[in-house]
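Colleague: So for the sequence shown, the working numbering puts the first residue at 3; every next one is plus one. All residues carry an ideal CB built from backbone N, CA and C; glycine is no exception. Given the structure is predicted, the values throughout are model-derived calculations rather than measurements. Below are the structure tokens for one structure; questions will follow.
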Amino acid sequence: MDRVTDLYFMDFRETVKTLIITGNSWRLQEMIDRFFTNISNFNRESLTEIQNIQIEEIAVNLWNWAVTKRIELSVRKNQAAKLCYIACKLVSTHGVSVSSEEAIQRQILMNMKTGKEWLHIGNAQIADDFFRAAMIDLERLYVRLMQSCYTEANVRVYKMIVEKGIFHVLSYQAESAVAQGDFKKASMCIFRCKEMLMRLPKMIKYLHVLCYNLGVETSKRNKYRESSFWLGQSYEIGKMDRRSVEPQMLAKTLRLLATIYLNCGGEAYYNKAFIAILIANKEHLHPAGLFLKMRILVKGNSCNEELLEAAKEILYLAMPLEFCLSIIQFLIDNKRESVGFCFLRIISDHFKLPEDRKRILLFYIDMLLQKDQDVIAEEKIKEVLKGYQTRGRLTRDLVNWLHNILWGRASRSVKVQKYADALHWYSYSLKLYECDKADLDLIKLKRNMVSCYLSLKQLDKAKEAIAEVEQKDPTHVFTRYYIFKIAIMEGDAFRALQVVNALKKSLTDGESEDRGLIEAGVSTLTILSLSIDFALENGQQFVAEKALEYLCQLSKDPKEVLGGLKCLMRIILPQVFHMPDSEYKKKEMGRLWNYLNTALLKFSEYFNEAPSISDYMINDANWFRKIAWNLALQSEKDLEAMKNFFMVSYKLSHFCPLDQGLLIAQKTCLLVAAAVDLDRGRKAPTTCEQVSTKCKRGHRTFWN
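Written out as structure tokens, the structure is:
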């Protein structure tokens, strides 16, 4: 025997034994990949018959382990497929007992199972190889069985066994063909399966479900023609055995078929869709079928009379109120308002319960407001409020619904900057709160009204409303924001700074933020940014500066910090450039130098972490570099400050694209810094200070 083959055999045997005995291994993936790669190294001719028997036995054990332990040990799908591949190949290549019927049947089962595993992980080509092998083995099995049978009864039984196997292989080949986009082969396989159903009636439900799944799969790929074929086949097959295939499943198949026809477009397909949904509703009535029927009629441009008749049919079928309202909403959304409102009047007479009538009225109000029929809607709202005060209360669910309707209408007015109109609708919500005596969202309503008052410059009303809000919810971020806006509009810088400090404190103390606001993308930092914008728009630069400093201190976003620093410097620079030399100017220049160093730190963080650098960040780096350069030139009477600004400019230049101009600027920065150090060294009163200055200069020259 070949020595290399012998080594492979021994290694394979010991590794499989270890794997099966221990149950799992941290080297499982590595071992499977090695087996999978080296499977071709086993040469049957070079092995003894005993070793072939051993390999067959080990392979069967490996197969059993892979199948039984897969779920228990969380073996990945691709690993399981490779294990099945290895075991199946070894059994088919090295099996010495393939002449027996049991061995052939086992090999057929292994080939089918292995093919399915590879099909499920998306490799249909390898799967096809195993399905073909299974079909060949089925032919061999048929020959063996026919040779060994002696009675007519045995012949029928054996034929049934083989035919059932062929049926399964054909169905798997159909799945594989669909996965590979081979519609012709897939349909041929299914037709062959259909021909066998008369002899295999128990397989009807299986084939029905398979065709349904193929229809779903092809519809996901937008292959609507193929999908309609598979769904049509699914329905036809399902009808063959109504005892095993439930009417609900047949109706579900037809509803999907109707939807597919609807997606195809065109009058011919609309007609097919309509026929399919009629049959579906006849098979099993379901709200989804009735809704789909209405969709088909609308999309097929049916006349209003036909639509109304279809809507009335829903009442005869005793569908619930919520479903009827959803149909009306659909009709109104699809510009069939006349039919929708007509059907609404019909159902208002049909449903007699007081609770249902109230729900219909609120729905009517909502539809009127959606269609800008505000006058009629207001009349109905007043009717609801009057009834609420005098006759009967609304349930909490209906009260909340009415609030949502009114707030939605007010929100639409705010979007188009009709703030007085928004307040008008909010006032109805306020009246509802007064009737209800509940304050679930009253504070939020008041804040919304404050926002409208501020937009209309009605400060007195805004202050009155916010005072009530502040009493009940003083720490809410929007409460603070509106107090800030009022303070700014009144020129009360002290009050505005109090709010800014409160926002800073909530950030530094780590106060938990409103989950709803977080989901809407609003945070305390966002409100701080809005406050800065509002202060700048209203000329309150001192307040804006303080808020900007807090933003730069607390934000974790380098871009946000750099934006804040740019804004700060744009505020301060014009003032500094026009200041006479003084201690105050020196202090402000020191402040600017600190801002530039903060910017340098943020650029370092961003450029180290970001996988790619945006033009925006490069432009910002160049902007800060030039500002540092200009500040250095402004500091000619303070050589130490000049040197510091030039060195910051030099360091910032490393984040800018290198060109001739930048290279000259870098050299200039270093030369000026060195010249300042030399001058300091010459003027130093002691030798020790001179040596210290030279060491610093030498270190800078070496580092650069």
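1. Can you look up residue 289 in the DSSP assignment and give me helix, strand or coil?
2. Which residues in the same chain have their Cβ closer than 6 Å to the Cβ of residue 18, if we skip the five residues on either side of it in sequence?
3. When DSSP labels each residue in this structure, what does residue 543 get in the three-state scheme?
4. Within 10 angstroms of the Cβ of residue 580, are there 16 or more other Cβ atoms? Answer buried if so, exposed if not.
5. Cα-Cα, which of 194, 621, 404 is closest to residue 1?
6. For residue 540 and residue 490, which I take to be in contact (beta-carbon distance under 8 Å), what is that distance rounded to the nearest angstrom?
7. Give me the Cα-Cα distance between residue 206 and residue 85, rounded to the nearest whole angstrom.
8. Nearest-angstrom Cα distance between residue 407 and residue 430?
9. Determine the closest residue to residue 532 out of 501, 558, 507, with distance taken between C-alpha atoms.
10. Check for me: the alpha helix (DSSP H) holding residue 204 runs from which residue to which?
11. Apply the 10 Å Cβ neighbour rule to residue 58 and answer buried if 16 or more other Cβ atoms are within range, or exposed otherwise.
12. Output needed for residue 295: all residues of its chain with C-beta closer than 8 Å, excluding positions within five of it in sequence on either side, in chain order.
13. With the cut-off set at 8 Å, would you say residue 573 and residue 547 are in Cβ contact?
14. If you scan the stretch 455 to 533 from start to end, which runs of the alpha helix (DSSP H) of 4 or more residues do you find wholly inside it?
15. Would you call the stretch 234 to 252 and the stretch 264 to 275 in contact, with 3 or more CB pairs under 8 Å?
16. Return the CA-CA distance between residue 338 and residue 307, expressed in angstroms with no decimal places.
17. Put residue 199 into one of helix, strand or coil per three-state DSSP.
18. By the 10 Å Cβ neighbour count, where 16 or more other Cβ atoms means buried, how is residue 70 classified, buried or exposed?
19. In its own chain, which residues sit with a C-beta less than 7 Å from the C-beta of residue 366, not counting the 5 before and 5 after it?
20. Compute the distance between the beta-carbons of residue 231 and residue 198, then report whether it is under 8 Å.
21. Between residue 452 and the rest of its own chain, which residues show a CB-CB distance below 8 Å, the 5 nearest in sequence each way excluded?
22. Alpha carbon to alpha carbon, how far is residue 120 from residue 105?
23. Among 575, 457, 142, which one has its Cα closest to the Cα of residue 102?
24. Specify the secondary structure class of residue 431 as computed by DSSP and reduced to three states.
25. Determine, using beta carbons only, whether residue 305 and residue 316 come nearer to each other than 8 Å.
26. Pull up the distance between the alpha-carbon of residue 610 and that of residue 604, whole angstroms please.
27. How big is the Cα-Cα spacing for residue 461 and residue 619?
28. Which class does residue 396 belong to by DSSP, given the choice of helix, strand or coil?
29. Is it the case that the Cβ atoms of residue 575 and residue 566 are separated by a distance below 8 Å?
30. Mind checking which residues open and close the alpha helix (DSSP H) that includes residue 159?
31. Buried or exposed for residue 91, please, with buried defined as at least 16 other CB atoms from any protein chain shown within 10 angstroms of its CB.
32. How many Å lie between residue 126 and residue 297 at the Cα?
33. Just to confirm my understanding: we take residue 286, look at its own chain, exclude 5 residues before and 5 after, and list those with CB closer than 6 Å. What are they?
34. Does the stretch 374 to 381 come close enough to the stretch 349 to 356 to have 3 or more Cβ pairs within less than 8 Å?
Modeller: Taking the definition as stated:
1. Counting from 1 along the sequence shown, the entry for residue 289 is found at position 287. Here residue 289 sits in helix by DSSP.
2. For this step, residue 18 is matched to residue 16 along the sequence shown. Excluding sequence neighbours, residue 18 sits near 60, 64.
3. The count along the sequence shown starts at 1 and reaches residue 543 at position 541. Of the three classes helix, strand and coil, the one that applies to residue 543 here is helix, per DSSP.
4. Translated into positions along the sequence shown, residue 580 becomes position 578. So residue 580 counts as exposed.
5. Here the chain covers residues 3 to 706 and nothing more, so residue 1 does not appear.
6. Position 538 of the sequence shown, counting from 1, holds the residue named residue 540. Position 488 of the sequence shown, counting from 1, holds the residue named residue 490. Correct: roughly 5 Å between the Cβ atoms.
7. Here residue 206 corresponds to residue number 204 of the sequence shown, with the count starting at 1. Here residue 85 corresponds to residue number 83 of the sequence shown, with the count starting at 1. Answer to the nearest angstrom: the Cα atoms are 32 Å apart.
8. For the purposes of this step, residue 407 is identified with residue 405 of the sequence shown, where counting begins at 1. For the purposes of this step, residue 430 is identified with residue 428 of the sequence shown, where counting begins at 1. Taking the straight line from one Cα to the other gives about 11 Å.
9. Locating residue 532 in the sequence shown gives position 530, where the first residue counts as 1. Checked all of 501, 558, 507; the closest Cα to residue 532 is 501.
10. Locating residue 204 in the sequence shown gives position 202, where the first residue counts as 1. Element bounds for residue 204: n/a, residue is neither H nor E.
11. Taking the sequence shown and counting its residues from 1, one reaches residue 58 at position 56. Counting Cβ neighbours within 10 Å, residue 58 comes out buried, since at least 16 surround it.
12. Residue numbering aside, residue 295 sits at position 293 when the sequence shown is read from its first letter. Contacts found: 276, 279, 280, 283, 312.
13. In the sequence shown, the residue the question calls residue 573 occupies position 571. In the sequence shown, the residue the question calls residue 547 occupies position 545. Against a cut-off of 8 Å, the Cβ pair of residue 547 and residue 573 comes out as a contact.
14. 461 to 474, 479 to 491, 495 to 510, 517 to 521
15. no
16. Indexing the sequence shown from 1 puts residue 338 at position 336. Indexing the sequence shown from 1 puts residue 307 at position 305. Cα to Cα, the separation comes out at about 11 Å.
17. Indexing the sequence shown from 1 puts residue 199 at position 197. Of the three classes helix, strand and coil, the one that applies to residue 199 here is coil, per DSSP.
18. Counted from its first residue, the sequence shown places residue 70 at position 68. Exposed is the call here.
19. Working through the sequence shown from its first residue, we reach residue 366 at position 364. 346, 382.
20. For this step, residue 231 is matched to residue 229 along the sequence shown. For this step, residue 198 is matched to residue 196 along the sequence shown. No.
21. On the sequence shown, residue 452 is found 450 positions in, with the first residue counted as 1. Taken in chain order, the residues that qualify are 464, 467, 468, 471, 484.
22. Locating residue 120 in the sequence shown gives position 118, where the first residue counts as 1. Locating residue 105 in the sequence shown gives position 103, where the first residue counts as 1. Each residue's Cα considered, the two are about 22 Å apart.
23. Numbered from its first residue, the sequence shown carries residue 102 at position 100. The residue with the shortest Cα to Cα distance from residue 102 is 142.
24. As a first step, residue 431 must be located in the sequence shown, where it is residue number 429. Here residue 431 sits in helix by DSSP.
25. On the sequence shown, position 303 is the one that residue 305 refers to. On the sequence shown, position 314 is the one that residue 316 refers to. Contact: no.
26. Taking the first residue of the sequence shown as 1, we reach residue 610 at position 608. Taking the first residue of the sequence shown as 1, we reach residue 604 at position 602. Approximately 10 Å between the Cα atoms of the pair.
27. Taking the first residue of the sequence shown as 1, we reach residue 461 at position 459. Taking the first residue of the sequence shown as 1, we reach residue 619 at position 617. Cα to Cα, residue 461 sits roughly 41 Å from residue 619.
28. The residue you call residue 396 lines up with position 394 of the sequence shown. Residue 396: coil per DSSP, three-state reduction.
29. Working through the sequence shown from its first residue, we reach residue 575 at position 573. Working through the sequence shown from its first residue, we reach residue 566 at position 564. Going by C-beta atoms, residue 575 is not nearer than 8 Å to residue 566.
30. Position 157 of the sequence shown, counted from the first residue, corresponds to residue 159. That run of the alpha helix (DSSP H) goes 154 to 181.
31. Counted from its first residue, the sequence shown places residue 91 at position 89. Buried: at least 16 other Cβ atoms inside 10 Å.
32. As a position in the sequence shown, residue 126 is number 124, starting the count at 1. As a position in the sequence shown, residue 297 is number 295, starting the count at 1. Residue 126 and residue 297: Cα-Cα distance of roughly 38 Å.
33. By 1-based counting over the sequence shown, the position of residue 286 is 284. These residues qualify, in order along the chain: 249, 250, 253.
34. no
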